[in-house]
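Since the structure comes first, as structure tokens, the remarks are kept for the end.
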Amino acid sequence: MPDTETTKAERHELAARLGKRPIVLVGMMGAGKTTVGRRLAAKLGRRFLDSDDEIETAAGMTIEEFFAAHGEPEFRAGEARVIARLLKEDNIVLATGGGAFVNPETRALINANAVSVWIKAEFELLFSRVSRRSNRPLLKTANPRDTLKKLIEARYPVYSEAHLTVVSTDVPQDTVANEVIDAVATYLKDK
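Here the sequence shown is numbered in this note's numbering, starting from -8 and rising by one per residue.
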């Protein structure tokens, strides 16, 4: 069995140490938070929630439509409310939108009530992933590459305030999910 595979006993021990506390994934759009989060939740027997999906349900429109109708400041305010509500849920893995952790109040709330994990990816991988989709409102600019670089420059120092960092490379997302499990287990052993 490879080092990155977790046994049932290891998952049980992790669950006991974690208790009902959420695991919250933060990071840039395209880092793999949703895909890794789904796999992580399945491996740990937890419910997966995506804050963007929850916002769309609450608003009755897509995030792109919300941005167009109400602007980014109103979106961020709603996002903060939704995340505060979701953090009250037990036994979840929560993937957040790329800008959620940038909000100081949201960041403090996440770090106080959950184990936060920054899913970090390098620029070229992020750009490759986000270029495949047209539903990224912050990248609807004349030069999306420069916009993404500027977002990385602004956000990476903030993301580094997460409890843990796991690097997402061009590997199967199951591998990244196992690396998150290993990182959380090590973090909790030290607590």
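Glycine included, every Cβ here is placed at the ideal spot set by N, Cα and C.
This one's a predicted model, so the numbers in the text were calculated from it and none came from an experiment.
Per DSSP, the bridge partner or partners of residue i
i      : result
Ala86  : Leu16 and Asp41
Ile110 : Val157
Proximity to residue i [Cα-Cα], best of the options
i      : options                         : result
Ala75  : Gly18, Ala105, Lys11 and Thr160 : Ala105
Lys79  : Gly18, Lys(-1) and Pro13        : Pro13
Arg72  : Glu56, Val84, Ala60 and Phe92   : Phe92
Leu155 : Thr26, Leu179 and Phe57         : Leu179
Leu16  : Thr48, Leu77 and Gly69          : Leu77
Thr48  : Glu63, Glu152, Gly69 and Ser107 : Gly69
Asp153 : Met52, Arg2, Thr87 and Val108   : Looking at the sequence provided, one finds Ala at residue 153 rather than Asp. The candidate whose alpha carbon is nearest that of Ala153 is Val108.
Gln185 : Lys11, Gly89, Lys140 and Ala33  : Because the chain is modelled from -8 through 182, residue 185 falls outside the range shown and cannot be assessed.
Gly36  : Ser42, Arg67 and Gly28          : Gly28
Lys141 : Glu1, Val162, Phe114 and Ile101 : Phe114
Asp81  : Leu9, Thr177 and Ala0           : Leu9
Glu45  : Glu96, Thr87 and Glu170         : Thr87
Thr160 : Ala50, Asp43, Arg120 and Thr97  : Arg120
Pro95  : Glu56, Arg146, Thr26 and Ile54  : Arg146
Tyr150 : Thr97, Asp181 and Pro135        : Thr97
Cβ-Cβ separation, residue j to residue i (assumed contact under 8 Å), whole Å
i      : j      : result
Val175 : Val167 : Going by Cβ atoms, the distance from Val175 to Val167 rounds to 13 Å, so no, they are not a contact pair.
Ile172 : Leu31  : 7 Å
Ile110 : Leu40  : About 16 Å separates the two Cβ atoms, so there is no contact after all.
Ala22  : Ala112 : 4 Å
Leu117 : Met19  : 6 Å
Pro67  : Gly90  : Residue identity differs from the one stated: residue 67 is Arg in this sequence, not Pro. That belief holds up - the Cβ atoms of Arg67 and Gly90 are roughly 6 Å apart, short of 8 Å.
Residue range of the alpha helix (DSSP H) that includes residue i
i       : result
Phe57   : Ile54 to His61
Lys(-1) : Lys(-1) to Leu9
Val93   : Note, Val93: premise wrong, no alpha helix (DSSP H); not H, not E.
Lys34   : Lys24 to Leu35
**Length at least 4, wholly inside the stretch 114 to 181: the alpha helix (DSSP H) runs in chain order** = If we require 4 residues or more, the alpha helix (DSSP H) runs fully inside the stretch 114 to 181 come out as 114 to 121, 135 to 150 and 164 to 180.
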